[in-house]
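Residue numbers (the working numbering): 41 to 148.
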């Protein structure tokens, strides 16, 4: 069974995550219905996180995916220990692009 508002409650009760979410981002997370982590076939090469969303006023996507590629060529080229990552393009609804707000709001 589904626990209402499970994911948004989890995120806003996490000390680091709650500190970076504003009210509208929190509101958007009310539509998050499921989060699943899939390891790649070679588990040492990386993993994928699928964020499943109910219908919401912010974007059209039903699933947003973020992939992390460990020990990737991209990270090696940069001399970085950080994993390379890719993500699903977000199909924002008119006037609801939360990334535009993120880029313009003061940090810290």
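Beta carbons: idealized from backbone N, C-alpha and C, even for Gly. All figures in this text were calculated on a predicted structure; none of them were measured in a lab.
Contact set for residue i: own chain, Cβ-Cβ below 8 angstroms, skip 5 residues either direction
i	result
residue 101	93, 128, 130 and 131
residue 105	88, 89, 90, 91, 127 and 128
residue 42	73
residue 136	97, 98 and 99
residue 103	90, 91, 92, 93 and 128
7 angstroms CB neighbourhood of residue i in its chain, flanking five on each side removed
i	result
residue 47	69, 72 and 75
residue 138	64, 65, 68 and 98
Proximity to residue i [Cα-Cα], best of the options
i	options	result
residue 82	61, 90 and 108	108
residue 95	51, 123 and 133	133
In DSSP terms, what residue i is bridged to
i	result
residue 103	92
residue 127	106
residue 132	99
Whole-angstrom C-beta distance between residue j and residue i, which should lie under 8 angstroms
i	j	result
residue 111	residue 85	7 angstroms
Own chain partners of residue i with C-beta closer than 6 angstroms, once the 5 adjacent residues on each side are dropped
i	result
residue 49	none
**OP:** Could you name each continuous beta strand (DSSP E) segment of 3 residues or more that falls completely within the segment 47 to 82, going from the start of the chain to the end?
**Re:** 72 to 79
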